[in-house]
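Written out below as structure tokens is the structure these notes cover.
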Amino acid sequence: MDLRTASLRALLLLGLCHAGRRTLASAPGIQAQPRRIAVVGGGIGGAAASYYLRQEFGAAVKIDVFEPGTIGGRLATVKMGDYEYETGGCVIHPLNLHMKHFVDRLGLSQRKDVPSKVAIFDGKELVFEESDWFIVNFIRMIWRYGFNIIRMRMWVEGVLDKFMRIYQYQQFGYSFSSVDKLLHAMGGDGFLALVNKTLEEAMMADGFSQIFLNDFVAPIARVNYGQSVRINGFVGAVSLAGADSGLWAVDGGNKRVCSGLLYHSKSELIPARVTSISAKLRPSKTGTTASFYEVNYVGESGSAHSLYDIVVVATPLHEGLSDITFSGFTPPIPSHYPGRYHQTVSTLVHGKLNVSYLGTTEAASEFTVSDVLTTDSEGSDINSLSSIDPVHIPPGYKRPPASQAKVWKVFSPEPLSQEQLAHMFLSWDSVSETRWLAYPAYRPPHRRTPPFILHDRLYYLNAVEWAASAMEMSAMSARNVALLAHHRWYGQDGKIDQEDLHTRLRGEL
Ligand SMILES: Cc1cc2nc3c(=O)[nH]c(=O)nc-3n(C[C@H](O)[C@H](O)[C@H](O)COP(=O)(O)OP(=O)(O)OC[C@H]3O[C@@H](n4cnc5c(N)ncnc54)[C@H](O)[C@@H]3O)c2cc1C
Ligand SMILES: *[C@@H]1O[C@H](CO)[C@@H](O)[C@H](O)[C@H]1NC(C)=O
Ligand SMILES: *[C@@H]1O[C@H](CO)[C@@H](O)[C@H](O)[C@H]1NC(C)=O
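Here's what the structure looks like:
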């Protein structure tokens, strides 16, 4: 190597350090605004990220959203006959304030409620069937489980109360640099301990009985996460909250929130798959070097690349979900983080149920149960079986009894065979199967949670799913990442990872 190239390298390196220092130390006003931001993924996470990035960075920044598939990702619908039905994420908790805000902001509405009725199936028979009379249910439950049932409500409320603190923090612009710091800000060491042990351990330690866990908690974990009471305690609490009353869905389909947010945020949708992201340096007009991210992508019209100041990855970086190569980063960023996603197959069947399959002697015309949950036992090869309603409830709609052909949704870990279908249904005329890598396979105590910050201005929203996967979790993470990106860009360190926010903000709202 000759001297000239050597000194040029030295100069470049110097420039690099210099530029690096400057970005870190830059004060508000000195640092110019970012010009271009990329969001990878058009699910609720990516859509919410573009909405909050627009809110934080203002009208001038160009936001590109990359999505090769259907907008909505794991929020998806399929058509059966004349109507559309949810096949992915379906219910939203009444206290999911981000989802509520989106629906209000976008002028959408909640789907009309159709009363539901739950039963629990152990693979042979129905071990519990909800009555139409609240008092009957109440007495049955108390008879069987003592006060476990009431204490469970309080246990879940305790977690939910702390979870709700995030809304106030975010309202005041605070953000967190890791999933652990975010959890700690909401629920202190208690939350960190909760994600690090199983739901079973957590509830047993709090005095819940094994029989209550088997009969009642496990079926809820199975319908919501396709897994047992060995999921982590935090996602377990989220799952139990999913058995509260007042759950809702978006009229016309949950995925409408995603397209609505993309439109509202004036982002440009690029229908392409991102293949790689690399760190690039480019001399700027002022003589220093500026660093960019080069996003390479493949769409219908071939492959291309663009440069961005900030990139938000809003898809899980796991086997089978996305294959993005990261190059030019030290330390290196992996394409896939450790841990895998759990498969849940969602099968929609338009047909007549074989009620004897459920071991009941009730006449099909009298059978009005809408949600059959299952216990974690030998005979249960399905996670749940539900009679589902269209994404938009037509006027005068009434859920038909099991004697009529209607749409059922089966969640199972493996696709249903023809024999299984023939056993469960007397007849059917259409079947639609979706195989989801649905949510993480939770195995606490867990190895390190993936980071929110992959590099200086490169963020990873779906790291949050390792605490719990839900629409609201992605939305909350999207707002956190938008705030984090903003504060790090402008050097506003006082808004990142603040301790004791709960005490400090008390009485502020
Ligand atoms: C069957 C099922 C039931 C569920 N039930 C509920 C429920 O009742 N309530 C609830 O709150 N949650 C539920 N969930 C979880 C919820 O759906 C998810 O947590 C949430 O939708 C995740 O949103 P996301 O935007 O973070 O990820 P995703 O929706 O997965 O979005 C990621 C997007 O990125 C795109 N993408 C991937 N790779 C690339 C690439 N290389 N370049 C560009 N784009 C890429 C994908 O096509 C996808 O659209 C359920 C999930 C499933 C599967
Ligand atoms: C309905 O289920 C019962 C109980 O599993 C089974 O014996 C019967 O054969 C099924 N009916 C049909 C028509 O498959
Ligand atoms: C989680 O548990 C593991 C193993 O028991 C431990 O090493 C780790 O420190 C724990 N993490 C937290 C955040 O408590």
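So the mapping is simple: this note's numbering equals the position in the sequence shown, first residue as 1, plus 25.
Cβ coordinates follow ideal geometry from the N, Cα and C atoms, glycine included.
Any alpha helix (DSSP H) of 4 or more consecutive residues that is wholly inside the segment 70 to 131: The alpha helix (DSSP H) runs lying completely inside the segment 70 to 131 and spanning 4 residues or more are 122 to 130, given in chain order.
Do you know how far the Cα of residue 205 is from the Cα of residue 298? 30 Å
The segment 494 to 510 contacting the segment 191 to 207, beta-carbon criterion three pairs below 8 Å: yes
Indicate whether residue 276 and residue 136 have their beta-carbon atoms separated by less than 8 Å. yes
Out of 531, 532, 527, which has the shortest C-alpha to C-alpha gap to residue 213? 527
By alpha-carbon positions, which one of 452, 445, 389 ends up nearest to residue 375? 452
Cβ atoms of residue 59 and residue 514: under 8 Å apart, would you say? yes
Let me make sure I understand the geometry here. Which of 428, 363, 372 has the alpha-carbon closest to that of residue 394? Comparing Cα positions, the closest option is 428.
Buried or exposed by the 16-neighbour rule on C-beta atoms within 10 Å, applied to residue 434: buried
Applying the criterion that 16 or more other CB atoms from any shown protein chain within 10 Å of the CB defines a buried residue, is residue 79 buried or exposed? buried
Identify the continuous alpha helix (DSSP H) that holds residue 314 and give its terminal residues. From DSSP, residue 314 is part of no alpha helix (DSSP H) but of the beta strand (DSSP E) over 314 to 324.
Out of curiosity, what's the CA-to-CA distance linking residue 145 and residue 97? 31 Å
Drop a sphere of 10 angstroms on the beta-carbon of residue 46, count the other beta-carbons inside from all chains shown, and report buried for 16 or more, exposed for fewer. Any answer about residue 46 is weak, because its pLDDT of 33 lies below 50 and its placement is not dependable; what the coordinates show is given next. Residue 46 should be labelled exposed.
Is residue 367 helix, strand or coil by DSSP? strand
Does the distance between the C-beta of residue 451 and the nearest non-hydrogen atom of ligand 2 fall short of 7 Å? Residue 451: yes, Cβ under 7 Å from ligand 2.
Going straight from the alpha carbon of residue 71 to that of residue 359, what length do you get? 20 Å
For residue 92, the nearest candidate out of 454, 187, 66 (CA to CA): 66
Could you have a look at residue 58 and say whether DSSP puts it in helix, strand or coil? coil
Please specify which runs of the beta strand (DSSP E), each continuous and at least 3 residues long, are wholly inside the segment 447 to 497, giving them in chain order. Fully enclosed beta strand (DSSP E) runs of 3 or longer: 450 to 465, 478 to 480, 483 to 485.
Please find out if some non-hydrogen atom of ligand 2 comes closer than 7 Å to the beta-carbon of residue 239. Result no, Cβ not under 7 Å from ligand 2.
Heavy atom of ligand 1 less than 7 Å from the Cβ of residue 369, yes or no? yes
Consult DSSP for residue 186 and reduce its assignment to one of helix, strand or coil. helix
Is the segment 242 to 255 in contact with the segment 361 to 369, if contact means three or more CB pairs nearer than 8 Å? Cβ pair count under 8 Å is three or more, so yes.
Closer than 7 Å: is that where the CB of residue 427 sits relative to any heavy atom of ligand 2? no
If we ignore side chains and look at the alpha-carbon of each, how far apart do residue 54 and residue 529 end up? Because residue 54 carries a pLDDT of 43, less than 50, the predicted location of this residue cannot be relied on, and no value is offered for it.
Can you check DSSP and say which residues form a bridge with residue 424? The partner list for residue 424 (beta bridge, DSSP) is empty, contrary to what the question assumes.
If you draw a straight line from the alpha carbon of residue 51 to that of residue 361, how long is it in whole angstroms? Caution applies to residue 51, whose pLDDT of 40 falls short of 50 and renders its modelled position unreliable; the value that the coordinates give is listed next. Rounded to whole angstroms, residue 51 to residue 361 spans 33 Å at the Cα level.
Please state the DSSP three-state secondary structure of residue 155. In this structure, residue 155 counts as coil in the three-state DSSP scheme.
Is the closest heavy atom of ligand 2 to the C-beta of residue 442 under 7 Å? no
Looking at the structure shown, is residue 499 part of a helix, part of a strand, or coil, going by DSSP? In the structure shown, the three-state DSSP call for residue 499 is helix.
To the nearest angstrom, report how far apart residue 34 and residue 282 are at their CA atoms. Its pLDDT being 39, under 50, residue 34 is placed unreliably by the model, and the measurement read from it follows with that caveat. Looking at the two C-alpha atoms, the distance is approximately 49 Å.
Starting from residue 377, follow its DSSP beta bridges and name the residues at the other end. 452
Distance, Cα to Cα, residue 186 vs residue 444? 46 Å
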